[in-house]
Amino acid sequence: MANQDYPSFISIFVEEMQQQIIKETFQLVSKRDDNVCNFLEGGSLIGGSDYKLIYRHYATLYFVFCVDSSESELGILDLIQVFVETLDKCFENVHYILNELVMGGMVLETNMTEIITRIEDQNKLEKQEAGLAAAPARAVSAVKNMNLPQQIKDIRLPDLPAAIKDLKF
Amino acid sequence: MALRKVKGNLERMFDKNLTDLVRGIRNNKDIEMKYITQCMEEIKAELRQDNVAVKANAVAKLTYLQMLGYDISWAGFNIIEVMSSPKFTYKRIGYLAASQCFHQDTEVLMLTTNMIRKDLNSQNMYDAGTALTGLSCFISNDLARDLANDVMTLLSSTKPYIRKKAVLLMYKVFLKYPEALRPAFPRLKEKLEDPDPGVQSAAVNVICELARKNPKNYLSLAPVFFKLMTSSTNNWMLIKIIKLFGALTPLEPRLGKKLIEPLTNLIHSTTAMSLLYECINTVIAVLISISSGMPNHTASIQLCVQKLRILIEDSDQNLKYLGLLAMSKILQSHPKSVQTHKDLVLQCLDDKDESIRLRALDLLYGMVSRKNVMEIVRKLMTHMDKAEGSNYRDELLQKIILICSQNNYQLITNFEWYISVLVELCRMEGTQHGCLIARQLLDVAIRVSAVREFTVGQMALLLENANVVMGPTTVRSSIAEVLYAAAWICGEFSQLLSNPLSSLESLLSHKVISLPGYIQGVFIQNVFKIYARIVITAEEEEDKETIEEVTNLLLERLPHFTSSGDIEVQERATCLMQLVNSIQKGIQNCEKFSLELQELFAGEMNPVAPKAQKKVPIPEGLDLDGWINTPPSSDLDDDADDKEFFGNAFKKDLFTKAESNGDNSRKDSKEISEDELQKRREARKLEQANNPYYVKVSSATHSPKFQKHDNDFDNIPVTPLNLNVPLKLAGMTSVDKYLIVEGRQSKKHKKHKKNKKHHQASSSEEDVPDTLLVNRDIGEMPEGASVSDEEDVDTRPLDDPHRALDIDLDIPLSPTEKIPTRSHRESSNINNKVPIEENIMTSNIKTDIEKKSKKKMKGKKESKLTKEKRKRSKNVEKSSDQCNELEKEAEEKIIDNYLNNKSDASQSKSKELTNLELLLLEDNNNGLQQENGDSVHPPVEEIIEEKKSLDPVDKNKKKKEKKAKKEKKSKRSGRKESFKQYEEIESPKEYEDFKEEKLPNMKSLTQNSDIKVNYHASFEHPCTDLFIGFEITNQIMNGNIGDLSLAVQCLQSLQLMTQNSSDSILITPELSAMSSTIKQLRFQVDDDSIPLKLRGTFSYKLVLDILTSEGNLSVVELVEETASLYGQSLRHHHICLLAKMKSKSLYVDGKSDNSTLLANALDHLKQEFHRL
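In the order they appear, the protein sequences are chains U and C. Using the numbering used here, the first residue of the first sequence is number 24, and each one after it goes up by one. Using the numbering used here, the first residue of the second sequence is number 7, and each one after it goes up by one.
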């Protein structure tokens, strides 16, 4: 599975364009051997010659950043390293972690401990808010997370609420 | 009730969450589309529910789907709903979705201003953080303007986490709202010395980003950065600072000298490769900027080159790449020091990494000498054969031509070889550089007369084998351009053609028809040249048969072209037909044409300098910008015109260069009619190239027929069969043969003395004599023009936001320069209930907008979005309480009709304040651009400047800067709301007609759709009293303005003389429709040596006031003519109205959780309006 992350400024492109960029980037990046350099010079698709694709490849994951000339190439490689190490420590919603790392296309924080503290703080906040009410939901999602055999899934859980509704409380 | 809740919880439990969705998509790979459509339906159902948790879950899933490329913009309102949730969990989901799918043009963003403001000012630091992050992704111009002040306040937050994010967001604010830069800059500068390293580096980040685009404005910060650089140990920040210095040094060489030492120290001491690399980069920049006058700068260069060599030799490909990148920068200023590392560069050419090869290619440019050019080019061409990607191949091709043509072919000693290279390059499949090759062929043929015969021979061959050269991949490539050059060369130098007749035939063959129109045009033109040549020679030899043969050939073939779809081709062909026809008749009468034909194409071609075209002086009385005929009305045409123009830029360039200049240089043409005709054709051709209505025939694919030319069999040289190269053509030259002759020596070098090669080459490369006479001039220029005068033009595109940020930051801030604050909805009477109210408010907004969209449907404009909205709103209605909904609908219709019929032009504008400023300037000085920033009178809207001479007695030119502004104020709550409107000052003529009899010197001060203010200023002796008369006109067709008053902020040296001490003067209690009043005010001037600015505010009351005051409602959002209002009854019933002005009628939509309340409220308002 390949996963690609962009600084969010890319999202200004409409979805179609975005998909095309992702597809082309993936084609470019995945073709490359591990022993070639990690920079790709900008084509017209990503905004011209001032932009570079800088990527790192870890097992099945590609981390691709698109940066302009105001960023240091090696600096960005280090940044990806920080990102990956952070993910290694707390692999959850990747977007929120990225948001602590990069903001509106600019590097926000490079200190890993700081990032992790912030993420943990925010997760704590979520848990507090959820409180007891979330317990059943968590239980269900835990059940769902257990790899149920396909047959059980075929019982079609989503239909259940409809059935309950018909009972007329 | 409890059961209901349990049921809700149960339902939610079995809703798909994000993880389920992801898993589901993976499990249903084969029917993904179907599965996702099904999920979308579920999500839509979930969004219809009232439970925020369900909605948030749906939005989270949508966010994921958006990443897969599905359009989720229809869910904009739902995203905002989730964003407005008081719970951080949901808020975060909402903001994430917004940052993914909102962009600055998203319509719903205008609803978010207040919500975001609330989040920014939230006590919870993570709420604010989330809002800041989200805002950075979708900030629009309006949001930037309205929220600039809030973000700026956050710069001094106690929490570094917030400060850091706010600092970064300021950059985005500047981009969208450049006016904020100057007032915010001091604050930003402070952050450079923030105790928190994160904030500090964020500030560095922002300033670097700003300075990169407009470095000269940030030079004054150099000392601060210098201090940071020498004291900080944060490598991330150091890199940024050092990069910034790289941008600053070209502007200030003294800075560079100071930098060298600390940078060198860093280079020696640091262990971080990234830092080392940036240091080297900046040292290079410094050295470029102070190329002379530094005693030890060779030492620094040596150090850099040395370190770079280490990088390039490193096994890490990244370092290798960057090393080459930096090396190419040194190459520009110190080519000698790079040339010693040629071995390294050539080695990199063989690297398996394309990026590295490309960088090495860049370097090669500076390393080529006369001695080794053939060898290097040959090497590049072998690379080209091997290259798999057409991209890299094109890059190579471009480089070869760049290397060979640099300094007007300084490096080329054998031009036959170069022509062979070019011809061989034509055979590269699918290249995009056909134009480039064509230009080179033309240039060389013109400049190097000795090689012309050879060139012409090659070009003739090229033409004969056109379809082979073009191959099957013509569609994508631009190689057909080469035929353009070939045809022109054959025609222009037709005397050198060995077999003009066969060339003529190939130019007229059927295959030509599939070429692009402008190329066919050139073909026909040159057919004529060759024809003329044949006729001339044949007449000399009295060879009547040839003449007849060739004439018949033309008459037979030309009809293909006269019916061409391309007007250009058609016209040329028709003209030629007529000429040939008349010549044929003449020949039958034994007339001779050689003299006339000779004169037609007499004259020698010279190279033309690249900028010559631009420098041709425009003859007097010629207006190139004016329309010749009446311009087309629609804007669309203009666009098309532009596009067409740029699309043809090159073609046009080539034409004018090759053809029209050729015409100009042909002198002494006696046959004016012919000459005239020629010129007209050229002009027409040019015009057609620019004409959007001019349909061009697109090039079609040739069927790849391989034809053997029997008559060429004798000429076939024995060429080795090389399978890599697509095709060898009979008689076509090949580069290899030159290398066999001339490159034998170098080949030896390559095989046996690879290591010594570069040494040898450099020692003996000095003097290789020119074998040919080459015109290496820059080219012809119009008289009096020189090539060097370059204009310093800002090359950034017009829409680059950084253009607007080119603001001088060193000028001290004027007290009025502030970021506008909006006091609207400030928390004076919103207390602890804030979150709840907000929640309700947004849902009200949602319904309002849905109503609005329904309204829109009645009109003609039906955007896709509104359709979506309508669907949604229908759904909502179905699912919600039907009775209530219907009731309300009915209510609204009644009131709508009522108001429609009444056509009472009650304006939906509330009390308006027109803020005016008078800036009196003694002297001719241009005043600083003043901005309004008083917190009482918020936003700066539009500045209109006008110079005028005021008082003839004073004989001083006075400048008036006027500022007009509208502001809304809700009387009861004291809340204010402002919105933008562009003021137009009416033209002087108009007002003269209007008011001449009253005050002859009346000048228009400001006006909006409601009132117009003219003024007249006069001085009394002894110049201490200034009288300003104001004439205020009510412009509303049938509506009164009440309580019109003027508030003036007095200055020390300029004071308003009033009876009472209050600031505001009542001008008139009531001004009826279309009437006007005059009031004169006396000001006392104490000091007239400095520019004085007076700010005043006109205030008056209008309809929205009535709405808000009578209904006890508060304004939530005001957009142009639409206002949404919100109120709460004593018993906490919510009511929400959408008032909308449409063609002088007021529409009011309402929604409330208590229908009786709504009905009564609307009734009440109706009565109020009726009373008026």
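Yeah, the Cβ is synthetic: ideal placement off N, Cα and C, and Gly gets one too.
> Mind pulling the chain U residues with CB within less than 7 Å of C/Ser-142?
Replying inline: In chain order: Met-126 and Gly-127.
>> For C/Ala-493 and C/Ser-306, I'd like the C-alpha separation in whole angstroms.
In response: Spanning the two alpha carbons is a distance of roughly 54 Å.
> With a CB to CB cut of under 8 Å and the five nearest residues on each side skipped, what residues in its chain are close to C/Thr-1184?
Replying inline: The question about residue 1184 of chain C has no answer here: the residues shown for chain C are numbered 7 through 1178.
>> Rounding to the nearest angstrom, what Cα-Cα distance links C/Asp-202 and U/Cys-113 in this structure?
In response: Rounded to whole angstroms, C/Asp-202 to U/Cys-113 spans 25 Å at the Cα level.
>> Quick check on the burial criterion: 16 or more other C-beta atoms within 10 angstroms. Buried or exposed for C/Ala-456?
In response: By the neighbour-count rule (16 or more Cβ atoms within 10 Å), C/Ala-456 is not buried but exposed.
> Whose CA, out of C/Ile-42, C/His-1140 and C/Asn-1166, lies closest to the CA of C/Asp-1159?
Replying inline: Here the closest residue by C-alpha is C/His-1140.
> Roughly how many angstroms lie between the CA atoms of C/Asn-903 and C/Val-1154, to the nearest whole one?
Replying inline: Because the pLDDT of C/Asn-903 is 40, which lies under 50, any placement of that residue in the model is unreliable, and the number read from its coordinates should be weighed accordingly. Rounded to the nearest angstrom, the two C-alpha atoms are 11 Å apart.
> Which first and last residues belong to the beta strand (DSSP E) in which U/Ile-77 is found?
Replying inline: Unbroken beta strand (DSSP E) run through U/Ile-77: 75-81.
> Which same chain residues, not among the five before or five after U/Asp-91, have their C-beta less than 7 Å away from its C-beta?
Replying inline: Around U/Asp-91: Asp-73 and Tyr-74.
> Would you say U/Val-130 reaches chain C, if we count a Cβ-Cβ gap shorter than 8 Å as a contact?
Replying inline: Closer than 8 Å to some Cβ of chain C, the Cβ of U/Val-130 qualifies, so yes.
> Between C/Asp-359 and chain U, is there a C-beta pair that is closer than 8 Å?
Replying inline: Yes, contact with chain U.
> Using CA coordinates, which residue listed in C/Ala-579, C/Ser-105 and C/Glu-199 is at the minimum distance from C/Val-230?
Replying inline: Relative to the Cα of C/Val-230, the nearest Cα in the group C/Ala-579, C/Ser-105 and C/Glu-199 belongs to C/Glu-199.
> Taking any Cβ of chain C, which residues in the segment 69-99 of chain U have a Cβ under 7 Å from it, in chain order?
Replying inline: Hits within the stretch, in order: Ser-93, Ser-95, Glu-96, Leu-97 and Gly-98.
> So which residues of chain C does U/Asp-101 contact, with C-beta pairs closer than 9 Å?
Replying inline: Chain C residues near U/Asp-101: Asn-241, Trp-242, Ala-278 and Ser-280.
> Quick one: Cα of C/Phe-191 to Cα of C/Pro-166, how far?
Replying inline: Here the alpha carbons of C/Pro-166 and C/Phe-191 stand approximately 19 Å from one another.
>> For chain C, check one thing: does any of its Cβ atoms lie closer than 8 Å to the Cβ of U/Met-47?
In response: Note on residue identity: the sequence assigns Glu, not Met, to residue 47 of chain U. So, not an interface residue.
> Taking 8 Å as the CB-CB limit, is U/Gln-104 close to chain C?
Replying inline: With 8 Å as the cut-off, U/Gln-104 does not count as an interface residue toward chain C.
> If we count the other Cβ atoms within 10 Å of its Cβ and call it buried at 16 or more, is C/Gln-1173 buried or exposed?
Replying inline: Exposed: under 16 other Cβ atoms inside 10 Å.
>> For C/Leu-510 and C/Tyr-524, I'd like the C-alpha separation in whole angstroms.
In response: Rounded to the nearest angstrom, the two C-alpha atoms are 18 Å apart.
> Between the segment 515-529 of chain C and the segment 566-586 of chain C, are three or more C-beta pairs nearer than 8 Å?
Replying inline: Under the three-pair Cβ rule at 8 Å, the segment 515-529 of chain C counts as touching the segment 566-586 of chain C.
> Are C/Lys-171 and U/Leu-131 close, meaning C-beta to C-beta below 8 Å?
Replying inline: The answer is yes: Cβ separation under 8 Å.
> Between the segment 218-247 of chain C and chain U, which residues of the former have a C-beta closer than 7 Å to a C-beta of the latter?
Replying inline: Cβ contacts with chain U: Arg-218, Trp-242 and Ile-245.
> Cβ of C/Glu-470 less than 8 Å from any chain U Cβ?
Replying inline: Interface residue (Cβ-Cβ distance to chain U less than 8 Å): C/Glu-470 is not classified as such.
> If the cut is a Cβ gap below 8 Å, which residues of chain U does C/Asn-211 touch?
Replying inline: By Cβ distance, chain U contributes Met-129 and Val-130.
> So, is the C-beta of C/Leu-328 closer than 8 Å to a C-beta in chain U?
Replying inline: Output row for C/Leu-328: interface = yes.
>> Quick check on DSSP: helix, strand or coil for C/Asn-1130?
In response: In the sequence on display, residue 1130 of chain C carries Ser and not Asn. Looking at C/Ser-1130 - three-state DSSP - the assignment turns out to be strand.
> Just reading off the beta strand (DSSP E) that U/Leu-84 is part of, what are its end residues?
Replying inline: Residue range 84-90 is occupied by the beta strand (DSSP E) that includes U/Leu-84.
> Grouping DSSP H, G and I as helix and E and B as strand, with all else coil, what is C/Tyr-371?
Replying inline: Three-state result, C/Tyr-371: coil.
> Do the segment 466-474 of chain C and the segment 435-446 of chain C make contact, defined as three or more Cβ pairs closer than 8 Å?
Replying inline: Touching, no.
> Are there 16 or more other CB atoms within 10 angstroms of the CB of C/Ser-237, so buried, or fewer, so exposed?
Replying inline: Of the residues assessed, C/Ser-237 falls on the exposed side of the cut-off, its CB having fewer than 16 other CB atoms within 10 angstroms.
>> Please return the same chain residues whose Cβ sits closer than 8 Å to the Cβ of U/Ile-99, not counting the five positions on each side in sequence.
In response: Within the same chain, Cβ atoms closer than 8 Å to the Cβ of U/Ile-99 are found at Ile-77, Phe-88 and Val-90, the five residues on either side in sequence being excluded.
>> Could you tell me the alpha carbon to alpha carbon distance between U/Leu-97 and C/Gly-329, rounded to whole angstroms?
In response: Between U/Leu-97 and C/Gly-329, the C-alpha separation is close to 12 Å.
>> Given this structure, state the Cα-to-Cα distance separating C/Glu-430 from C/Tyr-424, to the nearest angstrom.
In response: The straight-line gap from Cα to Cα measures roughly 10 Å.
>> Taking 7 Å as the limit between beta carbons, can you name the residues of its chain near C/Gln-323, skipping five residues before and five after?
In response: Around C/Gln-323: Asp-359 and Ile-362.
> Among residues of its own chain, excluding the 5 on either side of C/Leu-281, which ones have a beta-carbon nearer than 8 Å to its beta-carbon?
Replying inline: Within the same chain, Cβ atoms closer than 8 Å to the Cβ of C/Leu-281 are found at Asn-241, Leu-244, Ile-245, Ile-248 and Leu-272, the five residues on either side in sequence being excluded.
> In terms of DSSP beta bridges, what is C/Phe-529 paired with?
Replying inline: Answer by DSSP bridge pairing: none, since C/Phe-529 is not bridged.
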